[in-house]
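Remarks on the structure that follows.
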Amino acid sequence: MLEQQSTRAQEHKCISAQGHKVEEHKSTSAQGTRAEDRGQRTGERGQRTEVRGEGREVREWKFLFNSLPPSLYSLYAILSSLTSHLSPLCTIRYLLFALLISYFIPLTSRSIYAWEIVDIPTTEPVDAYTYRLGFRLYSDGGVMTRTTFGVFRNINIGFAWDLKNLIGVKNIEMIPPSVHLKILIYEGSKHLPSFAIGYDGQGYYWNKDEQGYREKEKGVFVVLSREVFTPNLELTAGANVNDFRKSTVHGFAGISYMIEKLSFLIEYDNLRDEKFHRLNGGIRFAVIPELNFEFVGRNMAKSENAERVLKVNYIGRF
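Everything in the sequence shown is counted per the numbering used here, starting at 1289 for the first residue and increasing by one.
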């Protein structure tokens, strides 16, 4: 009798233990199912968040574009129409637009004291009672001298003289001197770029037979310069006319970035005629504040016309 009762008790314990295991297995399965459901819901929420994020970015970009003042928006549309047919120069359109959109970025407008980038002018003038003397050593032993005087505050006038074959064994060819002028109209503010106008009669690659330059002078130009996005990063853009009989307007744009004594230069010149547009770049090293050297590459996108140039610039007072 006692043995039968003991046997039933053991069977009851086994059944209870098996029941507990089944319940634990069911509980674990249920927890796993709930975790999977939570994971799926989290993934769906992540996808919805990404979609909303993309939509928000688009809306913010459209809002920023549409919030431009009408004058800036019109100028951007004009610049876009001028360069829309030049597919290799699409980035220039965005550089020009960056100059316009920098209206909203509160940085100082003048920080890099360079009269030009490589070939294109900036708005920066030579200070009053100061002169800038530049030497340009180019192919075939040519040396071009450019002297600029700060006769009044924000007004510069000077001349350039090109001597072809000065270095070497060929006969020296003296090219008629040219004059240049720059007037800084507006010095800029935290939100607006500086603005200058001027005239530059100096071209490049003198053709003796035609008595003119293969790369035409700037002529009359207007230029905007602005420090954008980060200190010492300066964006310059402008337009020029060198033939008033045809009334053809050309554009130019460039960037310079200064790190202590070293500046990196890049520019696109002659924006309109795709056959003659020029990509120039180089570095500028300031030995002392008054003296710097430039190592420049011109026409870098066209190997047959590429050229290495050394420039030396000195600034003094009188």
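The C-beta atom is built at its ideal place from N, Cα and C for all residues, glycine as well.
These numbers come from a predicted model, not from an experiment.
For residue i and residue j, which I take to be in contact (beta-carbon distance under 8 angstroms), what is that distance rounded to the nearest angstrom?
| i | j | result |
| --- | --- | --- |
| T1410 | A1402 | 6 angstroms |
| K1599 | A1574 | Not really, about 13 angstroms apart at Cβ, beyond 8 angstroms. |
Would residue i pass as a contact of residue j if the rule is Cβ separation under 8 angstroms?
| i | j | result |
| --- | --- | --- |
| Y1426 | E1578 | no |
| T1436 | G1429 | no |
| G1604 | Y1419 | yes |
| Y1556 | G1570 | no |
| V1467 | G1489 | yes |
| R1566 | R1586 | yes |
| G1487 | N1495 | Strictly speaking, residue 1487 in this sequence is Tyr, with Gly absent from that position. Contact flag unset, no. |
| N1601 | N1568 | no |
Can you give me the C-alpha to C-alpha distance between residue i and residue j, rounded to a whole angstrom?
| i | j | result |
| --- | --- | --- |
| K1504 | V1584 | 19 angstroms |
| N1593 | N1459 | 23 angstroms |
| V1508 | N1528 | 5 angstroms |
| G1422 | L1521 | 23 angstroms |
| P1413 | H1538 | 22 angstroms |
| E1461 | F1606 | 31 angstroms |
| F1517 | V1431 | 37 angstroms |
| K1659 | K1534 | Any answer about residue 1659 is impossible in this case: the structure gives the chain only from 1289 up to 1606. |
| P1481 | L1472 | 11 angstroms |
| N1530 | R1441 | 26 angstroms |
| N1558 | G1526 | 10 angstroms |
State the beta-bridge partners of residue i as determined by DSSP.
| i | result |
| --- | --- |
| E1595 | R1586 |
| R1441 | R1441 is not bridged to any residue. |
| T1418 | R1605 |
| L1469 | I1445, Y1487 |
| P1409 | E1404 |
| V1457 | V1457 pairs with nothing; no bridge assigned. |
| G1430 | Y1426 |
Looking at the C-beta of residue i, does it have a partner C-beta in chain B at a distance below 8 angstroms?
| i | result |
| --- | --- |
| V1529 | In the structure shown, chain B does not exist; there is a single protein chain. |
Handout entry: Completely contained beta strand (DSSP E) runs for the segment 1473–1510, where each covers 3 or more residues
Key = Counting whole runs of 3 or more residues, the segment 1473–1510 contains the beta strand (DSSP E) stretches 1482–1488, 1492–1495, 1500–1503.
Exercise for the section: May I have a chain-ordered list of the beta strand (DSSP E) segments no shorter than 3 residues that lie completely inside the segment 1516–1595? Expected result: Counting only runs that start and end inside the segment 1516–1595, the beta strand (DSSP E) elements of at least 3 residues fall at 1521–1529, 1537–1547, 1550–1559, 1566–1576, 1579–1586.
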